[in-house]
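Right, one structure below, let's go through it.
Residue numbers (the numbering used here): 23 to 309.
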């Protein structure tokens, strides 16, 4: 199935509307349709059948209202609506096979256990078959932000993120900042594995090679290189993306095959600095 739509979860919240607006603009820019999705828990979640019927009726009314609102905002985008029963992450995963991007919103700051973010948005980032864009409910608007940021670490997953970031930056007319953090010998690189055995200058060469590759693939793109020392990759990316229009991260980093989302991506998703796209794992692409 070809990529025909941008998929976005609709829940009626302020954060959800911000995600819808971001998704609508993306769909319009890419010439794709927008699919507004509302998921209602199954009948088992309600004490009486009438409550379930009411929830389904309200979901349809919400989709119709949001479709009209978004259509007024972006008149040229084609909009379809989808109402489903089940768990939101699972439903979005099933629908994501035909999506260019799955977009979800998040407006709750996490507690120290990550509970504020992880209920739906994090699960979607883990389960989706397509790249996932998470849109913070709070943050700078497009007029107050600039640039696209991506982190690289030499892994296949970061190469996927770099490719997407280059395409996005060129499309958006923004400069791209490529960030590489020199691994600390006492801490895992990309949140998962030990970086021992590096030759002097190898880190800088990796950054230069990554920046050169994305320049070659996207003629005319302005690419900035940032080599960070003595910092965690997640903190370096959060700082670099504090005023960015977009951050692109790989689902996993070097050595990060034991977890569906690497430690770096996990920390960034808990402290979203700006709209952030999480690419799909290289292993998923090869499947």
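All residues carry an ideal CB built from backbone N, CA and C; glycine is no exception.
Here the structure is a predicted model, which is why all the values come from computation and not from measurement.
- Counting only the Cα atoms, residue 85 lies some 27 Å from residue 291.
- The straight-line gap separating the alpha-carbon atoms of residue 293 and residue 267 is approximately 15 Å.
- Proximity to residue 41 across 273, 65, 155, 52 peaks at 155, based on C-alpha coordinates.
- For residue 45 against residue 125, the beta-carbon gap comes to about 4 Å, under 8 Å, which counts as contact.
- With a 10 Å radius around the Cβ and a threshold of 16 neighbouring Cβ atoms, residue 53 comes out exposed.
- Burial state of residue 295 is buried, judged by a 10 Å Cβ sphere holding 16 or more other Cβ atoms.
- Note on residue 71: under 16 other CB atoms within 10 angstroms of its CB, so exposed under the neighbour-count rule.
- Secondary structure at residue 53: coil, using DSSP grouped into helix, strand and coil.
- Annotation for residue 113: 61, 106 place their beta carbon closer than 6 Å to its own, counting only its chain and skipping 5 residues before and after.
- Within the same chain, 74 come within 6 Å of residue 65 by CB-CB distance, once the 5 residues on both sides are set aside.
- For residue 98, the CB contacts under 7 Å within the same chain, skipping 5 residues up- and downstream, are 50 in chain order.
- A straight line joining the alpha-carbon of residue 175 with that of residue 151 spans about 23 Å.
- Around the beta carbon of residue 102, a 10 Å sphere encloses fewer than 16 other beta carbons of the protein chains shown; the residue is thus reported as exposed.
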